[in-house]
Amino acid sequence: MRLFAFLPLIVVPCATAAQDYMSAAEFDAYTRGKTFYYGAQGAPYGGEEYLENRRVRWSFLDGRCQEGEWYEDDGLICFVYEDKPDPQCWSFQRSGGGLLAQFENDPAQTQLYEMEQTGEPLHCLGPEIGV
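Mature numbering (1 follows the signal peptide of the UniProt record, and there is no 0) puts the sequence shown at residues -17 to -1, 1 to 114.
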């Protein structure tokens, strides 16, 4: 019986956390027209430029960029990219320091956090030309 007494304490925080996720409209309003740089475990992770019509441009900050788009699915923000058509779904929350992003395809993955946002485009090198 004591186990059941603690269940509400476990269930309520989970339900509250789910309500803190940004909706598609909130996410779009916060990100559109900006470039965000994300970190993980104290190190730069990547950058994403949020364009009109839910289009994005992602880079692991190596100069190579991937075009993609995002959409909302069951409360998550999901991304598909030209080289990775399988949806990459994330939950986003706002904190005092900016966005927090949790990869929901594998919640054991490291959480990303906003390191910087700018109105400048993401730095992308041109297409690779072979010899």
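Just so it is clear, CB atoms sit at the ideal spot from N, CA and C, and this is done for glycine as well.
In this chain, the beta strand (DSSP E) harbouring Ala23 covers 18 to 23.
Under the DSSP definition of a beta bridge, Phe86 partners with Trp73.
In this structure, the CA atom of Gly58 is about 35 Å from the CA atom of Gly109.
The residue among Tyr96, Gly29, Phe86, Pro27 with its C-alpha nearest the C-alpha of Cys72 is Phe86. Residue burial is scored here from C-beta neighbours: Glu35 has fewer than 16 other C-beta atoms within 10 angstroms and is therefore classed as exposed.
Under the three-state reduction of DSSP, Asp11 is assigned to helix.
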